[in-house]
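Number of protein chains: 2
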Amino acid sequence: MTAPSPPRGFEEQEFEARAERLQAGMAAAGIDLLLLTTEPDVRYLSGFDTPFWHSPTRPWFLLLPALGPPAAVIPEIGAPAMAATWVTDIRTWPAPVPADDGVTLLATAIRELVGVRGTVGVPMGPETHLRMPLADWSRLRASIPEMHVVDATPTVAAVRMVKSAPEIAKIRHICHRAGDAFDALADIAGEGVELSSVFRRFRIDLLERGADDVPYLVGGAGPGGYADVISPPTDEPLRPGDVLMLDTGAVHDGYFCDFDRNVAIGRADDAVRRAYDTLHRAVDAGLAAIQPGARCSGLFTAMAAVIEGDGYRAGNVGRFGHGLGLQLTEWPSHTRTDHTVLRPGMVITLEPGLTIAPGRTMVHEEDVLVLADGAELLSRRAPREMPVI
Amino acid sequence: MTAPSPPRGFEEQEFEARAERLQAGMAAAGIDLLLLTTEPDVRYLSGFDTPFWHSPTRPWFLLLPALGPPAAVIPEIGAPAMAATWVTDIRTWPAPVPADDGVTLLATAIRELVGVRGTVGVPMGPETHLRMPLADWSRLRASIPEMHVVDATPTVAAVRMVKSAPEIAKIRHICHRAGDAFDALADIAGEGVELSSVFRRFRIDLLERGADDVPYLVGGAGPGGYADVISPPTDEPLRPGDVLMLDTGAVHDGYFCDFDRNVAIGRADDAVRRAYDTLHRAVDAGLAAIQPGARCSGLFTAMAAVIEGDGYRAGNVGRFGHGLGLQLTEWPSHTRTDHTVLRPGMVITLEPGLTIAPGRTMVHEEDVLVLADGAELLSRRAPREMPVI
Numbered sequence: 000m001t002a003p004s005p006p007r008g009f010e011e012q013e014f015e016a017r018a019e020r021l022q023a024g025m026a027a028a029g030i031d032l033l034l035l036t037t038e039p040d041v042r043y044l045s046g047f048d049t050p051f052w053h054s055p056t057r058p059w060f061l062l063l064p065a066l067g068p069p070a071a072v073i074p075e076i077g078a079p080a081m082a083a084t085w086v087t088d089i090r091t092w093p094a095p096v097p098a099d100d101g102v103t104l105l106a107t108a109i110r111e112l113v114g115v116r117g118t119v120g121v122p123m124g125p126e127t128h129l130r131m132p133l134a135d136w137s138r139l140r141a142s143i144p145e146m147h148v149v150d151a152t153p154t155v156a157a158v159r160m161v162k163s164a165p166e167i168a169k170i171r172h173i174c175h176r177a178g179d180a181f182d183a184l185a186d187i188a189g190e191g192v193e194l195s196s197v198f199r200r201f202r203i204d205l206l207e208r209g210a211d212d213v214p215y216l217v218g219g220a221g222p223g224g225y226a227d228v229i230s231p232p233t234d235e236p237l238r239p240g241d242v243l244m245l246d247t248g249a250v251h252d253g254y255f256c257d258f259d260r261n262v263a264i265g266r267a268d269d270a271v272r273r274a275y276d277t278l279h280r281a282v283d284a285g286l287a288a289i290q291p292g293a294r295c296s297g298l299f300t301a302m303a304a305v306i307e308g309d310g311y312r313a314g315n316v317g318r319f320g321h322g323l324g325l326q327l328t329e330w331p332s333h334t335r336t337d338h339t340v341l342r343p344g345m346v347i348t349l350e351p352g353l354t355i356a357p358g359r360t361m362v363h364e365e366d367v368l369v370l371a372d373g374a375e376l377l378s379r380r381a382p383r384e385m386p387v388i
Numbered sequence: 000m001t002a003p004s005p006p007r008g009f010e011e012q013e014f015e016a017r018a019e020r021l022q023a024g025m026a027a028a029g030i031d032l033l034l035l036t037t038e039p040d041v042r043y044l045s046g047f048d049t050p051f052w053h054s055p056t057r058p059w060f061l062l063l064p065a066l067g068p069p070a071a072v073i074p075e076i077g078a079p080a081m082a083a084t085w086v087t088d089i090r091t092w093p094a095p096v097p098a099d100d101g102v103t104l105l106a107t108a109i110r111e112l113v114g115v116r117g118t119v120g121v122p123m124g125p126e127t128h129l130r131m132p133l134a135d136w137s138r139l140r141a142s143i144p145e146m147h148v149v150d151a152t153p154t155v156a157a158v159r160m161v162k163s164a165p166e167i168a169k170i171r172h173i174c175h176r177a178g179d180a181f182d183a184l185a186d187i188a189g190e191g192v193e194l195s196s197v198f199r200r201f202r203i204d205l206l207e208r209g210a211d212d213v214p215y216l217v218g219g220a221g222p223g224g225y226a227d228v229i230s231p232p233t234d235e236p237l238r239p240g241d242v243l244m245l246d247t248g249a250v251h252d253g254y255f256c257d258f259d260r261n262v263a264i265g266r267a268d269d270a271v272r273r274a275y276d277t278l279h280r281a282v283d284a285g286l287a288a289i290q291p292g293a294r295c296s297g298l299f300t301a302m303a304a305v306i307e308g309d310g311y312r313a314g315n316v317g318r319f320g321h322g323l324g325l326q327l328t329e330w331p332s333h334t335r336t337d338h339t340v341l342r343p344g345m346v347i348t349l350e351p352g353l354t355i356a357p358g359r360t361m362v363h364e365e366d367v368l369v370l371a372d373g374a375e376l377l378s379r380r381a382p383r384e385m386p387v388i
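Heads up: the sequence lines are chains A and B, in that order. Just so you know, we're using numbering that gives the first Met the number 0 here: the first sequence kicks off at 0 and counts up by one. Just so you know, we're using numbering that gives the first Met the number 0 here: the second sequence kicks off at 0 and counts up by one.
Put into C-alpha cells, the structure is as follows:
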C-alpha cells in the first residue's frame, strides 16, 4: 500500500525559523543583508514555487535583512505567486526591460534596507552561481559603490544542509516512491528493450506512482558495466549480460531523491557480481561511519578503504556522495578534502563508485538521514546480491 | 498517424557551421576567444548532452578560439560524454575540488589559446548568467589580470536565434506531439478532476506520445479566467464555468515547444468567449506582421492594437512572445522596445495576454517559424472558438 503524501508547502513558522537561522549566521559572519538569486535559495526562504525558472529571461531577487522578514524584488509576472507565500514586501517591475531589469529597483531596496555602506552577503562560493546577467551585477555594484560584498555561501549552506522534519518527510516520501519504481524495474526492462524505452517507461511509472516530476534520469547499460553515468539513453536494445544502471532524481513538492539501482540482464558475470558486492559493502562502511561529529572526509575514507581493499580504483565521479534536498546535489561532498561535520537532520547520499575495467564502471547510491545516534536509510536498500532480470 | 521522429543529434558539419558563424561574429566584435558556461550555450556549440546540469556542483567551460574547433575544460565525470561529441580538445580535472575547481586549468587554456592580453567574450547581457561561482570568476580574472573581458551576448544571440533546418525539424516535431496531447485534453480534464491530476495525466500523455521530457508545465483554472500563469497546480477540482489553461514546454532531443491552450469546463460565459476571440485575432495580427525585416516591436504593436482596440489592458507577462529553441524562452522578446529584426529561420512564439477583470487573465500562445516570405505555424493553431469540454 502506498503511504499518503505529506502535506504540500510548509507552515509559516517553518519559514520564520529558516529566516532566523539565516539571520543568526549572518550576524556571526557580519552580514547585514543577504541577496539571493537562484531558484533553490529563493524557494528555501520564501516558499516561492514556479517552474518559470526554466525561462532565463527574468532575474528574481530576495533580500533578507538582519531582522524581520525578507523582501522580494521580482518581475510583475511573479507577483500573484509570490503573494501566496509568507513574503509581504513584494516590489515588482514589468520585466523584461533589458535597459534596467530590476537593477534600479534592487539598488533602491538595498539602500533602504541597509544603507549605502552595508555589508551584503551573496552566495559566490562552491556549488553556487549568481542568477542575473553579469553586466547587471556590475551595474548594481557601480550604483552603490560603497556597498561591501562578501561571500554568503557558508552561511546559506550551514542552514540549508540541516533539514527540518517536514523537509525530511518530503524527501523520505519521494525516496519511497522511487524505491517502488525501482522494485518494479523488471516490468519495463529486459532483453531486447531499447534503453530509451526503459527510460521513458520508468519516467511514466514514477509519475503514475505520484512523483511530481522526474527532472533527473540518467543511466547506462553495457556488457560488464557501463562507460558513463551522466548520459541520456541510446536506442540500443538491452542484451544478455548487460549491466543496467538507472539513477533518478524525482521530485515531491520541490524535494529530490537521488539514488540508483544496478541490475543484470539475463545473467551477471563474476567480475560484475564482485564489483556489486564491493560497492554494497562500501555503502555498509559509509552507513556505519555516519554519526553526528563524523566528517564527510571520514565517510569517503571508510568507503574508499573497502573499494581499495578489494583492489579496485575509484570511478571518475570525483566524490562518494553529497547533500540532497531542494537540489539534486547540495553541499557537502564526500571527498578526501571535505571535512564538513555531520549534524542530525542532514540528508546525504552515499555513492561509492569503482572502475571494473577500462571504460567499465559501476556506481551504487543510497539516500540517508543523519540521526542523533546514527543513520536512517531513506531509500530502501538495494539487494545484497545483484538482481538478474 | 504519428510522424516519425527526426534523427537525434546533428551532423558534425552542423557544429562546424555554428562555430564558423560564431567566429564571424567574434571577428566583427573584436573577440579573440569565447567562454561559454551554461547548458544551452555549451550544448549548442559542442552537442554535449547530459541532464547532469541539474547538479550545481561542477562548473563546465567551453572555449571557442578565433579559428578552429572549441576546447572543453570540464570535470572528469563528463569526459566520456564529451568524447562522444565533435570536440576533441578535452581537458579535465577531478571535480569537485572547491580549492581550485577548474580555475587554474581554465586559465592555462585561455593563456594557451589567446595569450594573456586577449579579448575574451563572455555572455553577460540580457537573459544570460555566468554558471560558475562568482568567487572563481574573480580568481580567474585575477590570475590573468591583463585579459580584456567583453560582453558576448549579441554575438551568441545573433547566431543562436536563427535556427538550422535540423533544429527546426526538432522543434516542429515536439510542437506536433504537444498539439496531439492538447487535442486529447478532454480525455484527462473535466468537471470534478483535480487540477494536479490534469497536470500529472498531461505530462504522462506527452511522454507516451514520445516527448523526451516535460520540463515545463504550468497553468491555471478559475471562473472567468485564471489569476496566474506561472504556478504549479493546486488540488482544487475543476468546476463548471472554469477556464482551464495549460502551457507546456516539452522537449525533443533538447529542443522545446512552448505553447498553451485554453478550454472552458462545461460552459463559457460571454466575457470569456470575447477575451478568447480577441486573443485569437491578436495572434492573427501577429502572424500577419511576421516577415523578414519586420521587428519584434512591430509584432508587439500589431498584437497590442487588437487587444487595446477591444478595450482590454495587456496582462502582466511583460511581453507578447519570445524566441524558442534549446531554451523554453530565448532572445528576442516582443515588447515595445525590442527592435530585433526578424530573419528567416528564427523560431518565435506569439503570446498575447490580457486582463479580463481584476485578477482574471487570459494568455494565448503559438509557435512560429519565420520564413523568407512570411510565417509557418509550428504549433497546430488553437480553435477559433473557445472549446468547451
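Where is the CB? At the ideal position from N, CA and C, for every residue including glycine. Model, not experiment: these values are computed from the prediction.
Residue i - DSSP class collapsed to helix/strand/coil
i: A:R318; result: coil
i: B:A281; result: helix
i: A:Y311; result: coil
i: A:P5; result: coil
i: B:S332; result: strand
i: B:T154; result: helix
i: A:T271; result: The sequence shown places Val at residue 271 of chain A, not Thr. Correct three-state label for A:V271: helix.
i: B:V102; result: helix
i: B:I170; result: helix
i: B:I347; result: strand
i: B:D252; result: coil
i: A:L393; result: Limits of chain A in this structure are 0 at one end and 388 at the other, which puts residue 393 of chain A out of reach.
i: B:P392; result: Residue numbering for chain B in the displayed model covers 0 to 388; residue 392 of chain B lies beyond these limits and cannot be assessed.
i: B:A128; result: The displayed chain sequence assigns His, not Ala, to residue 128 of chain B. It is coil, neither helix nor strand.
i: B:I388; result: coil
Start and end residues, beta strand (DSSP E) containing residue i
i: B:F47; result: Per DSSP, B:F47 belongs to no beta strand (DSSP E) and is neither H nor E.
i: A:R359; result: 359-362
i: A:A374; result: 373-376
i: A:E19; result: Here A:E19 belongs to no beta strand (DSSP E); instead the alpha helix (DSSP H) covers 11-28.
i: B:E365; result: 365-370
i: A:V262; result: 258-263
i: B:G67; result: B:G67 -> no beta strand (DSSP E), and no H or E assigned at all.
i: B:L353; result: 352-356
Residue i: first and last residue of the uninterrupted alpha helix (DSSP H) it sits in
i: A:V197; result: 194-207
i: B:L61; result: Element bounds for B:L61: not the alpha helix (DSSP H) but the beta strand (DSSP E), 60-64.
i: A:L133; result: 133-142
CB contact below 7 Å: residue i versus chain A
i: B:M0; result: Bear in mind that a pLDDT of 44 at B:M0, under 50, signals an unreliable position, so the number given afterwards is only what the model happens to contain. No, B:M0 does not count as interfacial toward chain A.
i: B:A18; result: no
i: B:D48; result: yes
i: B:D241; result: no
i: B:G8; result: no
Buried versus exposed call for residue i [16 or more other C-beta atoms within 10 Å across all chains shown]
i: B:S378; result: buried
i: B:M0; result: The predicted model places B:M0 with a pLDDT of 44, which falls under 50 and marks its position as unreliable, so this point remains unresolved.
i: B:E38; result: buried
i: B:V27; result: Position check: residue 27 of chain B holds Ala in this sequence, whereas Val was assumed. By the 10 Å Cβ count, B:A27 comes out exposed.
i: A:P144; result: exposed
i: B:E19; result: exposed
i: B:Q326; result: buried
i: A:P74; result: buried
Test: residue i CB closer than 7 Å to a CB of chain B
i: A:R110; result: no
i: A:T154; result: no
i: A:R130; result: yes
i: A:P93; result: yes
i: A:M361; result: no
i: A:I170; result: no
i: A:F258; result: no
Next on the checklist: Short of 7 Å Cβ to Cβ, which residues in the segment 180-209 of chain A face chain D?
Outcome noted: The chain labelled as chain D is not found among the protein chains of the depicted structure, namely A and B.
Checklist entry - Which runs of the beta strand (DSSP E) spanning at least 3 residues fall entirely within the segment 206-250 of chain A, listed in chain order? => result Fully enclosed beta strand (DSSP E) runs of 3 or longer: 212-222.
Checklist entry - Hey, which unbroken runs of the beta strand (DSSP E) at 3 residues or more fall wholly within the segment 77-125 of chain B? => result Uninterrupted beta strand (DSSP E) stretches at least 3 residues long and entirely within the segment 77-125 of chain B occur at 88-92, 118-121, given in chain order.
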